[in-house]
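Below is one structure, written out as C-alpha cells; the observations come after it.
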Amino acid sequence: ISSGDLAEAMRASLAFPLLFTPVPLNGKLLVDGGLLDNIPVDEIKKFPVDLTIAVDATSNLRRKNQLNAPWEIADQVTSIMQRERNEESRKVADILIRIEDPTRTNVDFSRLDSIIQIGRQEALKHLPRIQQKIQDLKQQAYRTHPQRQYLVRRIKITPAHLQPQINRLAHLNSHLVQFSTRDILELMENIYRQGIYRDIFAEIVHNAAGRGVDIHIHALQNPVLEKIEFRGNTVFPDDSLLAIVRPLMGRPLNPQRTRQALENLMIRYRKDGYALMRISHIDFDENSGTGILTLDEGRIRSIKIEGNKKTREHVIRRGFSLKPGDIFNFIKAQKGIDNIFGTGLFQRVGISILSEPQGIDLIIKLQEKKYHVIGLSFRTDSERKSRGFMEFSEENFLGLGALLSAQGEYGVRDRSLQALFSIERIFKTYLTLKVKTYLVKTLDFVYRQGERFPIGEYSQRKLGTLISVGQLMRKLGVVSVELHLDRYALDPISGYGYPIGASLLNRLTLRSIVDTRDHVPYPSHGRYVHIFYDFANKRLKSDISFFRFFVTMETFNTFGKRHTINPRFTLGTSDLTTPFPLQFTVSGPDQFFGLRDQEWRGRHFFIFNFGYRFWLPGKLPFKTFLGLRFDTGGVWESPQDANYKKIRQAFGAYLGMDTFLGAMEISYGRLSTGQKRVYFTLGYQF
77 ISSGDLAEAM
87 RASLAFPLLF
97 TPVPLNGKLL
107 VDGGLLDNIP
117 VDEIKKFPVD
127 LTIAVDATSN
137 LRRKNQLNAP
147 WEIADQVTSI
157 MQRERNEESR
167 KVADILIRIE
177 DPTRTNVDFS
187 RLDSIIQIGR
197 QEALKHLPRI
207 QQKIQDLKQQ
217 AYRTHPQRQY
227 LVRRIKITPA
237 HLQPQINRLA
247 HLNSHLVQFS
257 TRDILELMEN
267 IYRQGIYRDI
277 FAEIVHNAAG
287 RGVDIHIHAL
297 QNPVLEKIEF
307 RGNTVFPDDS
317 LLAIVRPLMG
327 RPLNPQRTRQ
337 ALENLMIRYR
347 KDGYALMRIS
357 HIDFDENSGT
367 GILTLDEGRI
377 RSIKIEGNKK
387 TREHVIRRGF
397 SLKPGDIFNF
407 IKAQKGIDNI
417 FGTGLFQRVG
427 ISILSEPQGI
437 DLIIKLQEKK
447 YHVIGLSFRT
457 DSERKSRGFM
467 EFSEENFLGL
477 GALLSAQGEY
487 GVRDRSLQAL
497 FSIERIFKTY
507 LTLKVKTYLV
517 KTLDFVYRQG
527 ERFPIGEYSQ
537 RKLGTLISVG
547 QLMRKLGVVS
557 VELHLDRYAL
567 DPISGYGYPI
577 GASLLNRLTL
587 RSIVDTRDHV
597 PYPSHGRYVH
607 IFYDFANKRL
617 KSDISFFRFF
627 VTMETFNTFG
637 KRHTINPRFT
647 LGTSDLTTPF
657 PLQFTVSGPD
667 QFFGLRDQEW
677 RGRHFFIFNF
687 GYRFWLPGKL
697 PFKTFLGLRF
707 DTGGVWESPQ
717 DANYKKIRQA
727 FGAYLGMDTF
737 LGAMEISYGR
747 LSTGQKRVYF
757 TLGYQF
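Encoded structure:
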C-alpha cells in the first residue's frame, strides 16, 4: 500500500504469520512486506529519487538447533526463498550498507544499542562515497545548462564586503583566467549558501578593448527581522516562545537559521506531548520588519470510535481523558490507549488522526476480543487430593465491561457452585463492584497439636452471598468494603473436635490488597500485602458477634537473575467468640512445613517464613527451581493460652517447575517436634 493510515501500515510491517497477528485493512490482511522483499530497492526507484541508499540488515540462516518453533521454521523457509532476490536488490542500489552480526537472528531484539552502533560505523565508512555521489549529481545538473567559456579579467560583487571572499574563491590575479558557465554558477552558489541573500545574479560585461570580460555579481540581502509576533498559541505564552526564536531578531532573514529556530519551536511543543502542533502560516511585513507566525496547535474537533460492536461508548471514553476542544497531547493519548487496552476487552487499540481545516478528528480504532469464554483447570495435591474446575463466562456483559460467570468445582474433598458478577468501574467512577453467590461443600479433618493423625472428620457446607465495593487507592492498593451473608452447616463424619449444626455468620469486612508481584507462581520481584478486619453482630443478623484481624506481608527480591529471597510475615487475631468455621488455620506446605492441611487451628497465630529460591540453569523444558525455607510460629486458642513454648520451627526444601498446567512441585518438610511430611502439588490455585 502507498496511502492511508501510517500507523496501521507501520503495525502491519511488524506482522509475521505464526508470530504476530496480521492487520486487517479494507478487506485485506496485511503482513510485513519483508516476506516478499527484504531490500525493496525496486520499490524505492518507482519514486523520483536521485540517490538510492540501501541498508541490508538481513541475518544469516538459522542453525539447526535454532529451528524449533513453527514460526522459526517458517522464517527459515522465507529467508531461503528471498536469497536470490536480495542479491539482485543489492546490485541495483547506488550505495549498499551491510549490517552484519552472525550471532543474531532477525527476531533478536536484545542489545539494540550494539546493532545501532554497528550500523553507525558502517555508515561512516560509506560517507565519503555518499558525498562523492552527491557531488557527481550536482555536476550532472550543471551539465544540463548550456556551457560557455569566458576569459575573465575581473569579478566584482555588490555588496562590496563580499569582494575578498570572491577573490579568494576565484583565484584571480593579473592574468586572464578562463571561466565556464558552471564555474560562475558555483561562485554564486557559495555566496547564496550563506543564507542571508534572497536573490543573486551575474552580469557579463565585455571589455571595450576586446580583451576578456568582467563579471558583475549582484547579491540582494534579505530584509532584517526586527520583531516576531505569534498567533494561535494557547499552550505557551508569547514570552516563552519568543525566547526560542529571539536569536533571529536584529539580523537578516536566513532560511537555515529560521528553519532551525522553527524546529526548536516545534521541539518545545513535542517535548510536552503536543505532537500535532504545526506552523500553519508565516507572514513577513517588510515595511516594519515584523514576522508573524500562525500556529496550529492541533485542537481536537471530534473523537469517533470504530470497531466497538458490543462495548458501549462510555466504557471506552471514560478511560480516554482527551475531549473535543482539547489540544491533542500524545502523552495523554498514549495513556488513554493504555487505559482502554487495560480493560482487557480489546485485542487491539489504536488511534488514527485526520487533519481538517477546522481541527483534528481522532478515530479510536478497536478490535474486540471474543467475550464468551469456557475455562477448564485441574489441580491435584497430596493434602486436598484431585479436583477439577470449570467456568462459563461472558467477559463483556451488556457491553459494560462487566464479568458474568458461572463456576463449578468438583473434587474428592472440595465441591462448589458459584455465580459471579463484577465490574471494574461503576459508570464513570473508579469504584468496583463484585456480587457473588455460592454453595461450597468441603470435607475437612480436625487435629490435635502434637498428634500425627486426625481426631475427627466433618463436612462443612456454606451457602452465601458476597457484595463488595472497592477502589484502587495509592499506597493502599485495592481497598474494599464487603458484606458477607453466609450460612454455615457442619455435619459429622467421624471422631470429635468440632461443633455440629447450622449458624448464620453475617459479617462486614474492610480489606486492602497490594500485589506487585511480576509473575505467579514463582515471582522474581514485587510484594504482596493482604490486610482485613471484619466483624459480626446482631445488627447484621449474625447468630454470633465477633471480630477478626489478619495481615500478611511478603516481598520477593532477585539478585544475579537466579537467586530469589522471600521473607513473609503473617499474623491473625480474633476474640473469644469467633466461631469454629472462621477460626484461623495453618496448613502445610505453603504456610508451614511439616503440617497437614488445616492441622493448626486457633483464634490467634503468627508465622514468619524466610525462603530462598534458585533458578536452575540448563535447557530444561520448563523453568525449574530449587528452594529452601525456614518457618517459625505458633497458634493459640486465647491470649491466656499464648506461650513461647508453643512456638514451633520447621525447615523444608522443594523442587518446582513452572509448567503450562501450573506449578508442579515436590517438597519435604520437617517440624521441630520431629514430624515429617512429603508433599506433591500440580496445578494452579482456584
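The sequence shown: position 335 = 411 (our numbering), numbered continuously. Glycine is no exception: its CB is placed at the ideal position from the N, C-alpha and C atoms.
{"query": "Best match in Q761, G703, G728, F306 for proximity to G750 [C-alpha to C-alpha]", "result": "G728"}
{"query": "Exposed unless 16 or more other CB atoms sit within 10 angstroms - verdict on N102", "result": "exposed"}
{"query": "Beta-carbon proximity check, A612 vs R583, cutoff 8 Å", "result": "yes"}
{"query": "Extent of the continuous alpha helix (DSSP H) to which M353 belongs", "result": "Note, M353: premise wrong, no alpha helix (DSSP H); not H, not E."}
{"query": "DSSP state of L371 mapped onto helix, strand, coil", "result": "strand"}
{"query": "Reference M466; option with closest CA among D457, S428, V449, E389", "result": "V449"}
{"query": "Proximity below 8 Å, CB of A726 to CB of F668", "result": "yes"}
{"query": "Residue from H282, E265, Q225 whose Cα sits closest to the Cα of I276", "result": "E265"}
{"query": "Per-residue burial, Q197 [other beta carbons within 10 Å of its own, 16 or more giving buried]", "result": "exposed"}
{"query": "Beta carbon proximity, T310 to chain B, threshold 8 Å", "result": "Reference to chain B is not applicable here, since this structure consists of a single protein chain."}
{"query": "Coarse secondary structure for V99, derived from DSSP in three states", "result": "strand"}
{"query": "Proximity of H680 and P655 at Cβ, strictly below 8 Å", "result": "no"}
{"query": "Per DSSP, cross-strand counterpart(s) of M549", "result": "G553"}
{"query": "L227 versus Q241 - alpha carbon distance", "result": "20 Å"}
{"query": "Proximity winner among K201, K303, V391, G553, relative to I589 (alpha-carbon distances)", "result": "G553"}
{"query": "Buried or exposed (CB count within 10 angstroms, at least 16 for buried), E339", "result": "exposed"}
{"query": "With 16 other Cβ atoms within 10 Å as the buried cut-off, status of E362", "result": "exposed"}
{"query": "Rounded separation between A284 and D290 - CA only", "result": "10 Å"}
{"query": "A790 burial status per 10 Å Cβ neighbour count (16 or more: buried)", "result": "The structure shown does not extend to residue 790, since the chain is modelled only from 77 to 762, so the question has no answer here."}
{"query": "Straight-line gap, V557 to D591 (C-alpha atoms, nearest Å)", "result": "18 Å"}
{"query": "Three-state secondary structure assigned by DSSP to F656", "result": "helix"}
{"query": "Span separating the alpha-carbon of F632 from that of P568", "result": "42 Å"}
{"query": "Completely contained beta strand (DSSP E) runs for the segment 514 to 547, where each covers 3 or more residues", "result": "none"}
{"query": "Length-filtered (4 minimum) alpha helix (DSSP H) runs lying within the segment 184 to 241", "result": "188 to 219"}
{"query": "Within 8 Å, strictly: CB atoms of R375 and G401", "result": "yes"}
{"query": "Touching by the beta-carbon criterion (3+ pairs, under 8 Å), the segment 681 to 699 and the segment 639 to 651", "result": "yes"}
{"query": "Beta-carbon spacing of S492, V516 below 8 Å", "result": "yes"}
{"query": "Residues near D348 in its chain [Cβ-Cβ closer than 6 Å; skip 5 each side]", "result": "none"}
{"query": "Residue burial classification, V754 (beta-carbon count within 10 angstroms, cutoff 16)", "result": "exposed"}
{"query": "Local Cβ density within 10 Å of L525, reported as buried at 16 or more and exposed below that", "result": "First, the residue type needs correcting, since residue 525 is Gln and not Leu in the sequence shown. So Q525 ends up on the exposed side."}
{"query": "Cβ pair Y604, Q547 closer than 8 Å", "result": "no"}
{"query": "Backbone secondary structure at N613 - three-state DSSP", "result": "coil"}
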